[in-house]
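Residue numbering for the sequence shown follows this note's numbering, beginning at 11 and increasing consecutively. Working notes, beginning with the structure itself.
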Amino acid sequence: MFKRFIKKPVLSSVISILILVLGIIGITNLPVSQYPDIAPPTVKVSASYDGANAEAVLNSVIVPLEEAINGVEGMTYMTSTATSGSASISVYFELGTDPDIAAVNVQNSVSSASNVLPEEVTTSGVTTEKQQSSNVLIIGLYSDNDDYDEEFIQNYANINLIPILKRINGVGSADTFGSKDYSMRIWLKANIMANYGLIPSDISTALADQNLEAAPGELGLQGDQAYQYTLKYKGKLKDVSEFEDIIIKTTDDGRILRLKDVARVELGAQSYSTSTLINGNPGVGIAIAQSSGSNAQEVVENSIAALKKASVNFPEGIKYVEMMNANDFLEASIEKVISTLFEAFLLVFFVVFIFLQDWRSTLIPAISVPVAVIGTFFFLDLFGFTINLLTLFALMLAIGIVVDDAIVVVEAVHAKLDSGYKSARKASLHAMGEISGAIISITLVMSAVFIPVTFISGSSGVFYQQFGLTLAIAIILSAINALTLSPALCALLLKTHNEKHKKKNFVQRFYLAFNTAFNKTTGKYKKSTTFLINKKGIAITILCV
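Written as structure tokens, this is what we have:
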């Protein structure tokens with residue numbers, strides 16, 4: 011079978027070119043990230059219970075929701091937080107669980123608990139969403155213009171920037187920090203309410219009755235009228251004056267008590283518990299997280315481009331600044347690994363050239379190794395991996411391993427030429443007949459070292475899986491090259507030793523000194539090994555010491 015590849019070098023070249031092209035396609039398709047995605051899928055459940063303290067939120071909201079959510083398929087554990095007026099539950103799932111399916115399952119469980127939750131909680135709604143754990147970009151939006159306060163900036167971001175960022179491909183979530191959304195604040199005057207015998211629930215009831223969307227119906231639908239009218243209702247109130255005119259109570263003598271008589275109404279923030287200053291100015295933070303499997307570099311670059319384009323229409327005085335950019339560390343890390351990759355590549359082939367002492371012989375592994383390394387990227391894409399520090403480190407380590415197969419082939423052909431073969435083609439044919447089994451055995455042994463670690467489960471198993479499979483794939487591709495491309499190149503490039511051009515004097519002297527020193531070192535090693543084999547007791551003693 012191997013004779014066919016030597017006799018038909020075009021077939022060997024086509025196989026290698028195909029591996030190379032598939033690898034290049036894989037490089038263009040693979041997402042880039044710093045590390046493999048090891049964070050377990052997380053679903054966050056949030057609820058609001060205005061006016062309730064943390065204990066009330068815990069007993070009336072957290073406990074019923076936890077009882078309903080507990081036991082969702084694939085769930086490992088969950089954590090919950092209760093604060094004054096809000097509840098938050100984070101549900102964690104097994105690694106590899108589809109986050110979309112997990113979110114649907116949690117939502118179904120939350121829906122089953124809606125009948126035992128307080129009415130205020132169900133009215134405001136219980137939200138269920140996938141939680142992205144890795145922020146790739148944090149932007150600070152601030153204003154050095156006194157006309158714009160923190161509330162304006164956050165609402166400007168929510169209305170004009172967040173929708174744009176969420177539409178970017180690869181963005182899993184885009185949210186603003188804080189709770190400065192515009193809200194109608196009603197500050198009750200306790201002493202006046204006491205005089206009228208009112209309690210806060212009376213105000214809540216009036217708001218619910220008079221601040222709503224309604225369909226009043228139609229007139230003249232079944233009568234003999236010439237016209238039919240659809241009644242209109244003003245709907246929800248919008249400004250402060252409309253809220254102030256809400257009727258709270260009426261008396262028998264026709265007097266009306268309005269909201270402005272017992273409370274102060276203003277347009278303010280939803281919460282005053284947090285405040286954000288950026289460069290000493292009021293501002294808001296925008297956190298952008300990538301979706302699973304997306305390209306972190308592209309997400310960051312596209313998000314910054316979208317912000318730059320939107321900044322043209324910013325109100326005067328509003329600016330943005332990058333507070334955290336994952337690309338800074340990511341690019342530095344990837345660049346360092348890639349430079350180390352090339353350094354290892356050059357160092358390996360320098361050493362190969364020193365020992366083989368022939369440019370033609372060195373050129374064969376120099377061609378074979380890139381094919382194996384680049385071709386590995388196609389299978390990384392096939393397995394759903396990313397270009398990250400683990401896979402690049404594995405490829406860097408693979409360079410020193412995959413070069414061995416090509417060197418074995420070249421050395422075997424050289425040995426045949428030294429023994430008197432006059433044709434590099436015949437030498438390659440006979441050499442491959444002797445070493446093909448050894449190459450396959452080496453490949454199986456090396457793969458058996460790295461493949462088993464890929465079956466480790468858990469978060470650490472993700473690291474071992476990507477590292478081990480990357481090495482194993484590179485080794486297997488190297489073996490394919492050693493059985494196809496390398497012998498074909500040997501038959502085409504190598505020459506019989508008596509046909510070699512004479513080296514220059516200084517090169518000849520260097521090789522002569524190197525070979526002499528190497529032969530002496532090898533001879534001493536053989537003598538030491540033979541001595542230790544014959545004196546097993548001494549060898550065992552040395553090992554124990």
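For every residue, glycine included, the Cβ atom is placed at its ideal position computed from N, Cα and C. On a predicted model such as this, the values are computed, not experimentally measured, just so you know.
My output table needs one value for residue i: the three-state DSSP class, helix, strand or coil.
i, result
"K510", "Reliability fails at K510, whose pLDDT of 47 lies under 50, so the model's placement of it is uncertain and the value that follows must be treated cautiously. In the structure shown, K510 sits in coil (DSSP, three-state: anything other than H, G, I, E or B)."
"P173", "helix"
"N80", "coil"
"N525", "helix"
"D557", "No answer is possible for residue 557: the residues shown for the chain start at 11 and end at 555."
"S429", "coil"
"T133", "helix"
"T396", "coil"
"Q141", "strand"
"K17", "helix"
"S94", "coil"
"F103", "strand"
"T284", "coil"
"G245", "coil"
"S378", "helix"
"A556", "Look at the range of the chain in this structure, 11 to 555, and you will see that residue 556 is not part of it."
"S56", "strand"
"L340", "helix"
"A224", "coil"
Pull up the CB-CB distance for residue i and residue j, whole angstroms please, since I reckon it's below 8 Å.
i, j, result
"L222", "L241", "Not quite, the Cβ-Cβ distance comes to about 15 Å (not below 8 Å), so this is no contact."
"V423", "P375", "Their Cβ separation, rounded to whole angstroms, is 12 Å, which puts V423 and P375 out of contact at 8 Å."
"G33", "T386", "7 Å"
"I364", "F524", "7 Å"
"L493", "S446", "6 Å"
"D391", "L40", "5 Å"
"I148", "M334", "4 Å"
"A489", "I449", "6 Å"
Which residue marks the beginning of the beta strand (DSSP E) containing residue i, and which one marks its end?
i, result
"L147", "N145 to S153"
"I257", "I257 to T260"
"R268", "I266 to R268"
"Q300", "N291 to Q300"
"K329", "I328 to N335"
"S183", "V181 to T186"
"L68", "Premise fails: L68 is in no beta strand (DSSP E) and is neither H nor E."
Is residue j closer than 8 Å to residue i when the C-beta atoms are compared?
i, j, result
"I328", "L151", "yes"
"V42", "I466", "no"
"S98", "S56", "yes"
"S496", "S378", "yes"
"F460", "A425", "no"
"L267", "Y206", "yes"
"Q367", "Y474", "no"
"F388", "I35", "yes"
"G96", "V73", "Looking at the sequence shown, residue 96 is not Gly but Ser. Not in contact: S96 and V73 (Cβ atoms no closer than 8 Å)."
"V294", "Q164", "yes"
"V120", "L75", "yes"
"A273", "I196", "yes"
"F582", "A382", "Because the chain is modelled from 11 through 555, residue 582 falls outside the range shown and cannot be assessed."
"P19", "L487", "no"
"T453", "M406", "no"
"E139", "A113", "yes"
"A64", "S193", "no"
"P109", "P51", "yes"
"Y102", "T86", "yes"
"Q44", "A342", "no"
Note down, in chain order, each residue of its chain lying with its Cβ closer than 8 Å to the Cβ of residue i, except the 5 sequence neighbours on either side.
i, result
"V70", "Checking the sequence, you will find Ser at residue 70 rather than Val. Contacts found: Y59, A62, L127, P128 and V131."
"E77", "A123"
What residues in its chain sit with their C-beta under 7 Å from that of residue i, if we drop five residues either side in the sequence?
i, result
"Y500", "The residue you asked about is not Tyr; residue 500 is Cys in the sequence shown. Excluding positions up to five away in sequence, the list reads I374, V419, V420, V423, A434 and S438."
"K512", "Because K512 sits at a pLDDT of 48, beneath the cut-off of 50, its placement in the model cannot be relied upon, and the following sentence gives the value as read from the coordinates. Around K512: no qualifying Cβ."
"K13", "L439"
"E509", "The pLDDT assigned to E509 is 47, lower than 50, so where the model puts this residue is not dependable; a value taken from the coordinates is nonetheless given after this. Hits under 7 Å: none found."
"K246", "N221, L222 and E223"
Within a Cβ cutoff of 6 Å, which residues of the same chain sit near residue i, ignoring the five residues on either side of it in sequence?
i, result
"P292", "D159 and E160"
"I256", "A216, Q220 and L269"
"N145", "A297 and A299"
"I384", "L30 and G33"
"A441", "A422, V423 and K426"
"S22", "F15, T494, L495 and A498"
"K176", "A184"
"K432", "T506"
I want to see whether chain B comes within less than 8 Å of residue i, judged by CB atoms only; does it?
i, result
"I163", "Although the question refers to chain B, the structure presented lacks it and comprises just one protein chain."
Name the two residues that bound the continuous alpha helix (DSSP H) containing residue i.
i, result
"F253", "V250 to E254"
"G478", "G468 to L493"
"S121", "P109 to S122"
"L40", "L40 -> no alpha helix (DSSP H), and no H or E assigned at all."
"L454", "A434 to F460"
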